[in-house]
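Here's the structure we're looking at; comments come further down.
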Amino acid sequence: MEKDFNFKKTFLVAMIASLSISALIGIFIILFGSFSVSQKVLHTTFYLAGFSLTGLCCLVLYKKGKYAVFPLLGIAISVLGFLISLLGTWEFVVFGLQLLAEVTYWGKSMLTLIILAFSSAQACLLLLIDPAKPSVKYSLFTTLSFIGIVALIFSLLNFEVVDDSEKALRVLWVFIVLDVLGTIVTPILNKVYLMKN
């Protein structure tokens, strides 16, 4: 138990320190550095903040001792996503994705990792719900299915396995709406049942 707590504390302290240092460096470069470098620092800070938050959401579920493999996978995706975005932003790997404008293999990989990290975080937060009734459990796992379908369709479209036709985009948006609906309704439904008791 103490080991888990230390892991979480270390992760949080590292995230706060990284964000603070990135922000200070960013402010310094914006004021005194070149514009191109300023953009890179801001992008790095943005990616660090985003992937840290998705990783933190997964860590909360891991700390609860629920579905241990799933949150660890989410954390791994967040770390990998940050590393790829970092390499691309600073051009350690040439995939030309300064402003998410280039459609290259590495750029597509980064976009896919962003959606997977977000989806993992969203799913981990939903899995914190302790269903009060079978209907809540049904709603929970249906919503998790929608999250998975959205991530899958997005990845297929992103890597052009599926053509981005109007029909495919309509299907994607239908599942996005169902995903959002389930994410909002499921915790509210669980709260309603708990209030009855």
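For the sequence shown, the working numbering begins at 11 and goes up steadily by one. Note that CB positions come from ideal geometry on N, CA and C, so glycine has one too.
Residue i, buried or exposed, once every other Cβ within 10 Å from all chains shown has been counted against 16
{"i": "Met205", "result": "exposed"}
{"i": "Thr124", "result": "First, the residue type needs correcting, since residue 124 is Ile and not Thr in the sequence shown. Label assigned to Ile124: buried."}
{"i": "Val195", "result": "exposed"}
{"i": "Leu41", "result": "exposed"}
{"i": "Ser175", "result": "exposed"}
{"i": "Asp140", "result": "exposed"}
{"i": "Ala78", "result": "exposed"}
{"i": "Phe128", "result": "buried"}
{"i": "Ile94", "result": "buried"}
{"i": "Ser38", "result": "Residue identity check: residue 38 is Phe in the sequence provided, not Ser. So Phe38 ends up on the exposed side."}
{"i": "Leu126", "result": "buried"}
{"i": "Leu146", "result": "The identity of residue 146 in the sequence shown is Val, whereas the question assumes Leu. So Val146 ends up on the buried side."}
{"i": "Gly65", "result": "buried"}
{"i": "Ser62", "result": "buried"}
{"i": "Leu107", "result": "With a pLDDT of 43 at Leu107, under the threshold of 50, the predicted position of this residue should be treated as unreliable, and no value is reported."}
{"i": "Val103", "result": "At Val103, the pLDDT of 46 sits below 50, so the modelled position is not reliable and the matter cannot be decided from this model."}
Endpoints, the alpha helix (DSSP H) within which residue i is located
{"i": "Ile139", "result": "First-last for Ile139: undefined, no H or E at that position."}
{"i": "Ala78", "result": "Where Ala78 is concerned, there is no enclosing alpha helix (DSSP H), given that its DSSP letter is neither H nor E."}
Length of the line joining the Cα atoms of residue i and residue j
{"i": "Ala111", "j": "Lys201", "result": "Because Ala111 carries a pLDDT of 43, less than 50, the predicted location of this residue cannot be relied on, and the following value inherits that uncertainty. When rounded, the distance between both Cα atoms is 43 angstroms."}
{"i": "Gly98", "j": "Gly158", "result": "26 angstroms"}
{"i": "Leu34", "j": "Val171", "result": "42 angstroms"}
{"i": "Phe185", "j": "Leu52", "result": "32 angstroms"}
{"i": "Thr54", "j": "Lys74", "result": "30 angstroms"}
{"i": "Asp173", "j": "Tyr57", "result": "28 angstroms"}
{"i": "Gly60", "j": "Leu191", "result": "23 angstroms"}
{"i": "Gly117", "j": "Ile87", "result": "15 angstroms"}
{"i": "Lys76", "j": "Leu154", "result": "15 angstroms"}
{"i": "Asn168", "j": "Leu138", "result": "30 angstroms"}
{"i": "Tyr203", "j": "Thr193", "result": "17 angstroms"}
{"i": "Leu162", "j": "Leu182", "result": "10 angstroms"}
{"i": "Gln6", "j": "Ser130", "result": "Because residue 6 is not part of the residues shown, which for the chain are 11 to 207, the question remains open."}
{"i": "Phe156", "j": "Arg180", "result": "14 angstroms"}
{"i": "Ile26", "j": "Val89", "result": "16 angstroms"}
{"i": "Lys177", "j": "Ser30", "result": "44 angstroms"}
{"i": "Ser188", "j": "Phe92", "result": "According to the sequence displayed, residue 188 carries Leu and not Ser. Distance between the alpha carbons of Leu188 and Phe92 is about 28 angstroms."}
{"i": "Val23", "j": "Leu121", "result": "27 angstroms"}
{"i": "Leu96", "j": "Ser165", "result": "21 angstroms"}
{"i": "Leu142", "j": "Trp100", "result": "Note that residue 142 is Ala in the sequence shown, not Leu. Near 48 angstroms, if we compare the C-alpha coordinates of Trp100 and Ala142."}
{"i": "Val160", "j": "Pro144", "result": "24 angstroms"}
Does the contact criterion of 3 or more C-beta pairs under 8 angstroms hold for the segment 122–136 versus the segment 67–85?
yes
Does the segment 81–90 come close enough to the segment 149–156 to have 3 or more Cβ pairs within less than 8 angstroms?
no
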